[in-house]
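Counted the way this note's numbering counts, the sequence shown spans residues 804 to 876. See below for the structure under consideration.
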Amino acid sequence: MRDSRAVPLPGDLLRASSGSQADDVARRAHQAWAALSRAAHFHPYELLPTREELLAWDEVVIEVVEATEREWR
Numbered sequence: 804m805r806d807s808r809a810v811p812l813p814g815d816l817l818r819a820s821s822g823s824q825a826d827d828v829a830r831r832a833h834q835a836w837a838a839l840s841r842a843a844h845f846h847p848y849e850l851l852p853t854r855e856e857l858l859a860w861d862e863v864v865i866e867v868v869e870a871t872e873r874e875w876r
């Protein structure tokens, strides 16, 4: 159990936000995390992510950071 005085995690902030935009950001963050995790655990029988995939995931990460910073203010 987390200490209630602890700094909230970005996912907690996004879930606590109301509205479909926060839900969309949280969903996209989860998808990007899963994709980046797969890319970081490369196996020789898998294709590497394309440049376009990496750039798209980077955009999602930036969006999540910006959304989290807005909630922390």
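Virtual Cβ for every residue (Gly too), placed ideally from N, Cα, C.
Under three-state DSSP, which class holds residue i?
i, result
"Arg876", "coil"
"Leu857", "helix"
"Leu839", "helix"
"Glu849", "coil"
Can you give me the C-alpha to C-alpha distance between residue i and residue j, rounded to a whole angstrom?
i, j, result
"Gln834", "Trp875", "23 Å"
"Arg831", "Val863", "7 Å"
"Ala843", "Trp836", "10 Å"
"Glu872", "Pro847", "38 Å"
"Leu851", "Ile865", "22 Å"
Taking buried to mean at least 16 other C-beta atoms within 10 Å of its own C-beta, is residue i buried or exposed?
i, result
"Ala870", "buried"
Nearest to residue i by alpha carbon, out of the options?
i, options, result
"Glu856", "Leu839, Ala829, Val828 and Tyr848", "Leu839"
"Arg841", "Asp826, Trp860, Val828 and Val868", "Trp860"
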